[in-house]
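Below is one structure; the comments refer to it alone.
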Amino acid sequence: MTRETVTMASGLNVIALVSGGKDSFFSLLHCRANGHHVVALANLHPAVLSPKAPGSSSAVATIAIPAPASSAASAAVSAPVQASGVAIGPSFQLPQPRATAGAHGQAKDENQGVWFQTSAPESRRPSGAIGNEVVGREDEDEQDLNSFMYQTVGHQVIPLYADATGIPLYRRAITGSAAHHGKDYSHQVHSPVASENCAGRAEGSGPGGRRKESEEAAASENTQEGGDTDETESMIPLLRAIKAAHPETNAICAGAILSTYQRTRVESVATRLGLVPLAYLWKFPILPAPKLPLSSNPAAPSGAQLLDDMAAVGLEARLIKVASGGLDDSFLWTNIASVSGRDKVMKAMRRFGIAETGAVIGEGGEFETLVLDGPPSLFRKRIIVEEEERQLVREGGGSSWLSFCGARLEAKEKAVEDQTNGVRIPDLLDARFIGVLDTLRATEEDLIIEASPSGEKSPSQQGRVENDILRLGHPQENANAKLQQWCFTGDAVGRCVSIEAETTSVIAQIRQRLQLAKLPPSAIISTTILLRRMADFPITNTIYGSLFDAPNPPSRVTVSCGSLLSQGNSKNIAVYLTVHTALPASQRQGLHVQSRSYWAPANIGPYSQAITIPVASLASSPEAANREGDGGPKLVSIAGQIPLVPATMTLPEGGLELQLTLSLQHLWRIGLEMGVQWWSSAVAYFPGRASDDDDESLKRKAILAAKSWEEGHVWGIRGDGESDDEDEEGPDLWDRNFNPEFMSVGTQSEAALLPDWGVVVGGDSKKSKGSVPPVFIAEVAELPRAAGVEWHVHTGFANAAAASVTVWYQRADQEVYQTLLKSGSGVSFVQTIVAETLSPSSRETARKAASAFDRLDSLASASITRLSEGGTAERKAAIAARYIDASVYSAPGTDDGESRGAQGVGPVVPCASLWDGKGRRLASVTVYQSVFEGGVEDVDET
0 MTRETVTMAS GLNVIALVSG GKDSFFSLLH CRANGHHVVA LANLHPAVLS PKAPGSSSAV
60 ATIAIPAPAS SAASAAVSAP VQASGVAIGP SFQLPQPRAT AGAHGQAKDE NQGVWFQTSA
120 PESRRPSGAI GNEVVGREDE DEQDLNSFMY QTVGHQVIPL YADATGIPLY RRAITGSAAH
180 HGKDYSHQVH SPVASENCAG RAEGSGPGGR RKESEEAAAS ENTQEGGDTD ETESMIPLLR
240 AIKAAHPETN AICAGAILST YQRTRVESVA TRLGLVPLAY LWKFPILPAP KLPLSSNPAA
300 PSGAQLLDDM AAVGLEARLI KVASGGLDDS FLWTNIASVS GRDKVMKAMR RFGIAETGAV
360 IGEGGEFETL VLDGPPSLFR KRIIVEEEER QLVREGGGSS WLSFCGARLE AKEKAVEDQT
420 NGVRIPDLLD ARFIGVLDTL RATEEDLIIE ASPSGEKSPS QQGRVENDIL RLGHPQENAN
480 AKLQQWCFTG DAVGRCVSIE AETTSVIAQI RQRLQLAKLP PSAIISTTIL LRRMADFPIT
540 NTIYGSLFDA PNPPSRVTVS CGSLLSQGNS KNIAVYLTVH TALPASQRQG LHVQSRSYWA
600 PANIGPYSQA ITIPVASLAS SPEAANREGD GGPKLVSIAG QIPLVPATMT LPEGGLELQL
660 TLSLQHLWRI GLEMGVQWWS SAVAYFPGRA SDDDDESLKR KAILAAKSWE EGHVWGIRGD
720 GESDDEDEEG PDLWDRNFNP EFMSVGTQSE AALLPDWGVV VGGDSKKSKG SVPPVFIAEV
780 AELPRAAGVE WHVHTGFANA AAASVTVWYQ RADQEVYQTL LKSGSGVSFV QTIVAETLSP
840 SSRETARKAA SAFDRLDSLA SASITRLSEG GTAERKAAIA ARYIDASVYS APGTDDGESR
900 GAQGVGPVVP CASLWDGKGR RLASVTVYQS VFEGGVEDVD ET
């Protein structure tokens, strides 16, 4: 199948963070390939590069190194600007300064108080045009900062990039240190810098509003000179200076691939400055590779493809630092962006068993690189560093690096402008989801024929037989449960208020509830927001975001329910929260990617892609809650996924089949990143129909959604992509250990599996039958961004042991599904679903009483009771979510006008229509959650 077409969004004006390494420049090339314009280069260097003249200010200056005035890039940037402490502009047109001599060829402008780069001292200048060389400082401290954030080795060569690329370069000294060592970063705890423009991001809707002018004034550049400031904050004054010189800038790119540490820090800075973060290399090694890779080694780690792609565009990236047991100083100056250089490094790493995906591209600090050349459309000149200008520095502990005392530029033949630079953009879909899409593109008739006949179990409903009971101990009392559902609605009954006022009221209620419970906002694990009008989302999003100032806000699902939300009053918003009442901060893990990439959509609002909590943390006693530490199974809450093309954040060109497939792939990629092995169940939301009479269109969508869900689970089982057998094309164990052709293949950890049938009791037999978790289809009024579908999984199970998940199904007047997850700590999590078919009797029941759900709740309680030790301790089931069909929800209720579902039934999602995967209309679907404590044993009652 050919790659799906993706329409590029309008281009952004990008500041490219460059360290000199391969990843930052390759990310820059991907920015250009995606239609963006790189306005400026930005670099942070060791403080030694900004010497202080006697009597000079202690403030750190931003140094601007302009591109030559004759370059095409110079014409595209804004006019030069002079600012206090900053030298900015493409042609360096400063007012005639009275320069005084500085150290080693640097000049001080007495009018501006600025240090700026000049050509090298004549006594040390090699032959060549003035301005085309840099010379190292004789008194330079030969020490690499070894920063986790910034590459500093090779900093002497960085000034040449302005002339080499024709793009102006801005530099500033690094101040502070790594004050915050966690992978997630919060500037509000570790930096005095005030947030700016949080509400006015280019892509919309970050939390909070603009700071007061006095707060912004306090966040001046000089606040960055404090001793305890995190080094991340060094980017703030540098980027502000560039924005002042180039007001059109609205984005920033960085070369993060697998480093959450680096990505989250760039995102923190970008969002505060109103810049769209771009990280096109994020998770690049797991993205679809070309069908005919350049690599001659079919078993090379996936990261090697990234190196092949760099080589294909002509990037020259030399190793200038090695810090790995497999690499010594003999590898320095190897061109890693070449087949021979890559194979040499991989072979050496293989001998030490470290040639994993991340290691082969240097993501674990194994090596660092310096880019000397690239495609002619970017590099008009190449950088030359003669052997005598390279000095070896042995740092100790197996670390060696090169320092440079000189470098020069060499002109290249003029190239034809090519914005794409020959950069390969990964295919939109993985092989698994190409298979899903191909299946969905079968005819509608075929899909309906494949659906199970009425009264017959579908493949997704196969489960543990009814008489085989699992005893889980004792269920917790709902009042004492640590995992709770909090429900909040607007207070606009009987009066007309704005959505802003109503949302503010809801958030105030949440703050008050948290305060009474003595809980921080991080206690919120996931959020469901129901709106009457999706047009209200930007306002609601901003106010909701004010709740959170720490990294990794809750995951979130947002839909519009239209007039069904109000039910006879003027309510415009409902917010449902899943709250953990006793979760240590260290046990709450999250994934919040705010950068555009090819991997999955950026979460541009105050919500994370996923949040995980340990199952053991739900235990009633603190000892049991901490028994397994990080080693036990986890529950994963994942944000709703809509079919945005990750690189452009726009909807794809194509029909519903592509939208279903792409959004499902987003769900899978996030799940795999969080280690999910099994989904408990899912709902696919669809926007409302043009006509209420058009049931056939929703029936078809329901069948398509269920088919895509099933195909996502069983792909490969039928021989259509994956295989359980050993890969016949890859090397066997003997080859890996003894055949020189394959000795560059490292010992890699097993790939994550989703689904992982090994964690399911009887997984092999269920796998052969195509058994998958249940899925339901809900029609609502609108979805975010006018998407055609939004996927929402109720819970993901991660880090589960073999045969620790049990699935069970019962069919009667209502269908009951149960999914059980056991942990080694004696705590078990149970999800129960009761689905009620829509029929005249269900409508009649709705007319009789508002408490018509009592019988469904009793059925769920009975299903939970049968799992308890002794089978007699009945417990009322806790409702996690209740989806109700409009024909039931809006039916005339009791004499006082209450309608079914309006009172006392937990977090309700009113739906225009509700369906199962066979295209049958449902009256309701209720999701219950329970926690058991105690022993676990199987009891066969047959």
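Residue numbering for the sequence shown follows numbering that gives the first Met the number 0, starting at 0 and increasing by one per position.
Every residue gets a Cβ at the ideal spot worked out from N, C-alpha and C, and that includes glycine.
Contacts around residue i, its chain only, beta-carbon distance under 6 angstroms, and the 5 residues preceding and following it disregarded
i      : result
ASP942 : Residue numbering for the chain in the displayed model covers 0 to 941; residue 942 lies beyond these limits and cannot be assessed.
VAL435 : THR660, SER707, GLU710 and GLY711
PRO944 : Examination of residue 944 is not possible in this model, given that the chain is present from 0 through 941 alone.
ALA322 : GLY364 and SER398
GLU781 : MET533, SER559 and PRO686
SER69  : Residue placement at SER69 is poorly supported in this model, since its pLDDT is 48, which falls under 50; the coordinates still yield a value, given next. Same-chain partners within the cutoff: there are none.
Rounded C-alpha distance that separates residue i from residue j
i      : j      : result
GLY823 : GLY630 : 9 angstroms
VAL635 : VAL829 : 14 angstroms
LEU318 : ALA172 : 24 angstroms
HIS186 : MET234 : 12 angstroms
LEU515 : LEU314 : 58 angstroms
ALA336 : ALA269 : 29 angstroms
ARG470 : LEU855 : 22 angstroms
ALA250 : VAL265 : 11 angstroms
TYR882 : VAL792 : 14 angstroms
ALA877 : ALA310 : 57 angstroms
LEU257 : TRP598 : 12 angstroms
SER619 : PRO605 : 31 angstroms
VAL574 : VAL422 : 44 angstroms
PHE378 : ILE166 : 10 angstroms
Coil, strand or helix - residue i by DSSP
i      : result
LEU513 : helix
GLY19  : coil
ILE702 : helix
SER620 : coil
TRP714 : coil
ALA102 : The pLDDT assigned to ALA102 is 35, lower than 50, so where the model puts this residue is not dependable, and the model offers no usable value.
SER923 : strand
VAL788 : coil
PHE547 : coil
TYR149 : coil
ILE832 : strand
ASN477 : helix
LYS282 : coil
GLU695 : helix
PRO374 : coil
HIS180 : coil
Closest by C-alpha distance to residue i, when choosing among the options
i      : options                           : result
ASN571 : GLU387, SER329, THR539 and VAL924 : THR539
HIS579 : SER607, SER525 and VAL344         : SER525
ASP755 : LYS706, GLY787 and TRP678         : TRP678
LEU643 : HIS791, GLN658 and PHE487         : GLN658
ALA161 : THR925, ASP856 and VAL17          : VAL17
LEU277 : LEU286, PRO632, SER267 and PRO284 : SER267
GLN588 : ASP763, GLY639 and ALA522         : ALA522
THR527 : ALA834, SER26, VAL887 and GLN640  : GLN640
Cβ shell of residue i (< 8 angstroms), same chain only, five flanking positions each side left out
i      : result
ALA406 : GLU132, VAL133, GLN155, VAL156, LEU159, ILE382, ILE383, VAL384 and GLU388
THR333 : ARG317, LEU318, GLY340, LYS343 and VAL344
SER146 : ILE173, ALA177 and GLU230
Contact set for residue i: own chain, Cβ-Cβ below 7 angstroms, skip 5 residues either direction
i      : result
LEU439 : GLU656, LEU659, THR660, LEU703, LYS706 and SER707
SER803 : PRO632, VAL758, LEU820 and LYS821
VAL152 : ASP143, ILE319, LYS320, GLU367 and TRP400
PRO390 : Note on residue identity: the sequence assigns Gln, not Pro, to residue 390. Excluding residues within five positions, the ones whose Cβ falls inside 7 angstroms are LEU401, SER402 and CYS404.
ALA584 : SER521
GLU409 : LYS380, ARG381 and ILE383
ARG626 : ALA615 and SER824
Any non-hydrogen atom of the ligand GTP within 7 angstroms of residue i CB
i      : result
VAL675 : Ligands in the displayed structure: none, and consequently the ligand GTP is not present.
* **Inter-stretch contact (C-beta, 8 angstroms, three-pair minimum) for the stretch 612-619 and the stretch 551-562** => Short answer: they don't touch.
* Asked: Counting pairs of beta carbons, one from the stretch 782-792 and one from the stretch 647-656, are three or more of them closer than 8 angstroms?
  -> Contact holds: three or more Cβ-Cβ distances are below 8 angstroms.
* Is the stretch 271-285 touching the stretch 579-599, taking contact as three or more C-beta pairs under 8 angstroms? -> Contact holds between the stretch 271-285 and the stretch 579-599, because three or more Cβ pairs, one in each stretch, are under 8 angstroms apart.
* Asked: Do three or more CB pairs link the stretch 922-930 to the stretch 857-868 at distances below 8 angstroms?
  -> Cβ pair count under 8 angstroms is three or more, so yes.
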